[in-house]
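Mapping to the working numbering: the sequence shown position 629 is 631, numbers consecutive.
Here a beta-carbon is modelled for each residue, glycine too, at the ideal position from N, C-alpha and C.
This report concerns only the one structure given below.
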Amino acid sequence: MAEAMKQDRKRSLLDFLILRRWINPDDGYSQEIVFVICVVFALFLSASLTSFSPLDPSIYNYSYPPRNPQNWGGVVGSYIAGFLIFQLGVLAYLLPIPLLLLAWMNLRGEKSAFAPSRLLGVALAITCFALAAQQWAPSLSLAGFSYRSGGTIGFWAQRLLMKTVGTGGLYILLGGGVLISLLLFRQDSVIRPLLKRLSMVKKKSPSVTSEKSVKVGLQTLSNEPELKDILSKINVHEKFQTEKFEVELPPVELEKSKAKVPDFEPILPLSPDPAYVPPPSSIFKSTVSHVAITDDERREFEQTSEALVKAFSEFGVGGEVVAIQPGPVVTVYEFQPEAGIKLSKVTGLLDDIALALKVDSIFIHPVSGKRALGVQVPNKKRETVFLGDILQTQAFLGVNSPLNFVLGKGLTGEPICCDLASMPHLLTAGQTGAGKSVAINSLLCSIILKASPDQVRMILVDPKILELKIYEGIPHLLMPVITEPLKASLALKWACFEMDRRYQLMESAMVRHISGFNQYLEHATAEQRAEMKERFGDAAQQKLPYIVIVIDELADLMLTASKDVENSIQRLAQKARASGIHLVLATQRPSVDVITGVIKANLPCRLSFKVFSRTDSRTILDSMGAERLLGRGDMLFLRPGSSKLERIQGAFLSDEEVVGMVDQLKKSSVVHYDETAMEWINEEFQKQSGNAFEMNEENAGSADPKWNEAISIAQRQGTISASYLQRMLKIGYNRAARIVESMEAQGLVAKADGSKPRAWTGHMS
Numbered sequence: 003m004a005e006a007m008k009q010d011r012k013r014s015l016l017d018f019l020i021l022r023r024w025i026n027p028d029d030g031y032s033q034e035i036v037f038v039i040c041v042v043f044a045l046f047l048s049a050s051l052t053s054f055s056p057l058d059p060s061i062y063n064y065s066y067p068p069r070n071p072q073n074w075g076g077v078v079g080s081y082i083a084g085f086l087i088f089q090l091g092v093l094a095y096l097l098p099i100p101l102l103l104l105a106w107m108n109l110r111g112e113k114s115a116f117a118p119s120r121l122l123g124v125a126l127a128i129t130c131f132a133l134a135a136q137q138w139a140p141s142l143s144l145a146g147f148s149y150r151s152g153g154t155i156g157f158w159a160q161r162l163l164m165k166t167v168g169t170g171g172l173y174i175l176l177g178g179g180v181l182i183s184l185l186l187f188r189q190d191s192v193i194r195p196l197l198k199r200l201s202m203v204k205k206k207s208p209s210v211t212s213e214k215s216v217k218v219g220l221q222t223l224s225n226e227p228e229l230k231d232i233l234s235k236i237n238v239h240e241k242f243q244t245e246k247f248e249v250e251l252p253p254v255e256l257e258k259s260k261a262k263v264p265d266f267e268p269i270l271p272l273s274p275d276p277a278y279v280p281p282p283s284s285i286f287k288s289t290v291s292h293v294a295i296t297d298d299e300r301r302e303f304e305q306t307s308e309a310l311v312k313a314f315s316e317f318g319v320g321g322e323v324v325a326i327q328p329g330p331v332v333t334v335y336e337f338q339p340e341a342g343i344k345l346s347k348v349t350g351l352l353d354d355i356a357l358a359l360k361v362d363s364i365f366i367h368p369v370s371g372k373r374a375l376g377v378q379v380p381n382k383k384r385e386t387v388f389l390g391d392i393l394q395t396q397a398f399l400g401v402n403s404p405l406n407f408v409l410g411k412g413l414t415g416e417p418i419c420c421d422l423a424s425m426p427h428l429l430t431a432g433q434t435g436a437g438k439s440v441a442i443n444s445l446l447c448s449i450i451l452k453a454s455p456d457q458v459r460m461i462l463v464d465p466k467i468l469e470l471k472i473y474e475g476i477p478h479l480l481m482p483v484i485t486e487p488l489k490a491s492l493a494l495k496w497a498c499f500e501m502d503r504r505y506q507l508m509e510s511a512m513v514r515h516i517s518g519f520n521q522y523l524e525h526a527t528a529e530q531r532a533e534m535k536e537r538f539g540d541a542a543q544q545k546l547p548y549i550v551i552v553i554d555e556l557a558d559l560m561l562t563a564s565k566d567v568e569n570s571i572q573r574l575a576q577k578a579r580a581s582g583i584h585l586v587l588a589t590q591r592p593s594v595d596v597i598t599g600v601i602k603a604n605l606p607c608r609l610s611f612k613v614f615s616r617t618d619s620r621t622i623l624d625s626m627g628a629e630r631l632l633g634r635g636d637m638l639f640l641r642p643g644s645s646k647l648e649r650i651q652g653a654f655l656s657d658e659e660v661v662g663m664v665d666q667l668k669k670s671s672v673v674h675y676d677e678t679a680m681e682w683i684n685e686e687f688q689k690q691s692g693n694a695f696e697m698n699e700e701n702a703g704s705a706d707p708k709w710n711e712a713i714s715i716a717q718r719q720g721t722i723s724a725s726y727l728q729r730m731l732k733i734g735y736n737r738a739a740r741i742v743e744s745m746e747a748q749g750l751v752a753k754a755d756g757s758k759p760r761a762w763t764g765h766m767s
């Protein structure tokens, strides 16, 4: 009776899961059936998890009408994979391993393969590893969506332990839990055999140095007739010495072989300067944005779909909603119109449909690969896209470029990052409060996290004195933040000189890009380095960093020195890509006198936030649409070489986060400005500003460097006007007007006669 009760206690959970009427666990073939079932399920589970897509239907993702899943396991596979990944995070991908291991143990005849205690050990191990994953890397990026690395289980376990026992207690309990799970799984002692093996390492085997033993052995061998002659030559009385040896077991190192905790963030190439410490991405706020869709949201999607179909039908456009794609700010309703309806008829109903849906504005775009239109309807509750979330995704970490930066999230929530090196320049515009400055901060912080000062240097121009001045003193700056428009113009001129110098260096090294020149320096011989030093000085011995020039308000510069600024921007935009110099221009007034045709032609990559009018939208994007944006980071992005606009919700970061990053950089690193560049800019600034102060009303024009050239033009033409002089000398209108007024004061030209040009008199007063 006792033996029967003992067998009942050992009865595995599998006995309750199989149909005992058809399969007898005591039969040999039943173990093979169970093994095949487990292998098939493990393969199905692996296929479902491998092909998991966040857009497939699951209990945490809803689309109306239901879309066809891309999962290899179909609807069942998509639901299983979605549930496991949301609950267990990255640990879901490891579930087939213990399942196959238990099936193999059962096939080998172990009666307790699926015993409840062993299954409890597997569950405890999964919980511990989920807790560890959540502690070391809180966020996981899958197909562009952020998930908790340890799933819901790891998240709540980590949160509970951090509040109750703290970090130290968490790690202690984590180690104990792993050890207990190992004991439950093995169902055998683990600690005692380990201690026994450690004690055996210290024991030494007996030494073999007995001369008597050697003699006895030789005498025994000498009884053999074949060996008698050979052994007779050996001096038995000579002492044989053998060194002591120890029994060496496989090494069991507990302290020396400490497992290194995997770093979930890629190790970026750091500056050779050991004083530089990159700021951690944990400074920036991050949240797990992927949450299950509620029933209220489902009903809202269905109601909006019905209202959309009804609104179209009222204006003579029949059709149906075939799919719904929720996003962070807008939801895309794929509307399939009836045959024979023109696209122009639908796009002409934007304001009417928006009014029917009771929203501010909507967008309509053709869906690629489908005979459907995507209607972008704003969500009633907008989701905030945090910079910290995207910094942990593969879209940012997986690109090995120091100029890769974060833009935000797309329509369906996928992270959008861009490489400034491939743009190679960026022009952005938007009205006040639309999110332009936040986007620039996001760009700068992304590059600072990605690259060291030896890789990227920055020139920041902030005429408003409020936006970029906060970055003063970080080690990435090439010079202090520039706030005066005249100095900004001179900084652009210096960048042109630097571009020419770099081209000369690359020509001497016979390479076509800055990266090729840096590789050339790494492998250059002593003779090549000496030749470079002789031609270009000591500066040619250093690697060339990328230079990013950010101008926060282009309009202020264009009002001060439009011609010089435009010429410098044109030269840099046309030639600076190969030399590693990149421009980021921003303005809140995208008019034609600020964003001229020359600037637009050389900056094909544009980014527009909400603007006031269609004219401003056409100026920045060459198409309408930016005036319909929602503001607060809602933007339209035009990639270089493409005519298709992408709608993106910009990443948000607060001023406190930027200040925290800057403070940490200042504490851990020392800024080294380019003294040569600063001296040249200051000297030119003193010259030009000094000349301006020395001019008085009468001789302001005659003291101008262009005075003699203007006199020659007036004598040759016989007449002169400020606008004509402006075009001929390529100077500003105010400067040309001062020269003409000075000519009149000195009696060289006649007085103004309406809009007619002034006649040349040639008489000095």
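What is the residue span of the alpha helix (DSSP H) that residue i lies within?
i, result
"L488", "P487 to A511"
"F131", "P118 to W138"
"L96", "Note, L96: premise wrong, no alpha helix (DSSP H); not H, not E."
Step through the CB atoms of chain D and report whether any lies within less than 8 Å of the CB of residue i.
i, result
"L90", "No chain D appears in the structure shown, which is made up of a single protein chain."
Work out the CA separation of residue j and residue i for me, nearest whole Å.
i, j, result
"Q160", "A135", "10 Å"
"T306", "L359", "7 Å"
"G171", "L126", "17 Å"
"D668", "S644", "Asp is not the amino acid found at residue 668; the sequence shown has Lys there. Cα to Cα, K668 sits roughly 40 Å from S644."
"A526", "A563", "43 Å"
"K646", "I516", "31 Å"
"A325", "R384", "20 Å"
"I43", "F407", "Per the sequence shown, the amino acid found at residue 43 is Phe instead of Ile. Between F43 and F407, the C-alpha separation is close to 42 Å."
"V334", "F88", "24 Å"
"K535", "A497", "22 Å"
Around the C-beta of residue i, are 16 or more other C-beta atoms found within 10 angstroms, so that it is buried, or is it exposed?
i, result
"N443", "buried"
"P642", "exposed"
"V323", "buried"
"N108", "buried"
"P592", "buried"
"G91", "buried"
"Y675", "exposed"
"P465", "buried"
"L375", "buried"
"F499", "exposed"
"G371", "exposed"
"D618", "buried"
"M164", "exposed"
"L86", "buried"
"R718", "exposed"
"A509", "The amino acid at residue 509 is misidentified as Ala; the sequence shows Glu. The residue in question, E509, is exposed, as its Cβ has fewer than 16 Cβ neighbours within 10 Å."
Do residue i and residue j have their CB atoms nearer than 8 Å?
i, j, result
"N73", "S55", "yes"
"I449", "I650", "no"
"T395", "L609", "no"
"E648", "G412", "yes"
"I553", "V463", "yes"
"G75", "A49", "yes"
"A356", "I364", "yes"
"G320", "P339", "yes"
What did DSSP end up calling residue i once you bin it into helix, strand or coil?
i, result
"G749", "coil"
"G652", "strand"
"E762", "Per the sequence shown, the amino acid found at residue 762 is Trp instead of Glu. Strand at W762."
"L405", "coil"
"R150", "strand"
"H584", "strand"
Along the chain, where does the beta strand (DSSP E) containing residue i start, and where does it finish?
i, result
"Q338", "V332 to P339"
"C607", "Looking at the DSSP string, C607 is not in any beta strand (DSSP E), and its letter there is neither H nor E."
"Y548", "Y548 to I553"
"A325", "G321 to P328"
"I461", "V458 to V463"
"I450", "Element bounds for I450: not the beta strand (DSSP E) but the alpha helix (DSSP H), K438 to K452."
"V2", "Any answer about residue 2 is impossible in this case: the structure gives the chain only from 3 up to 767."
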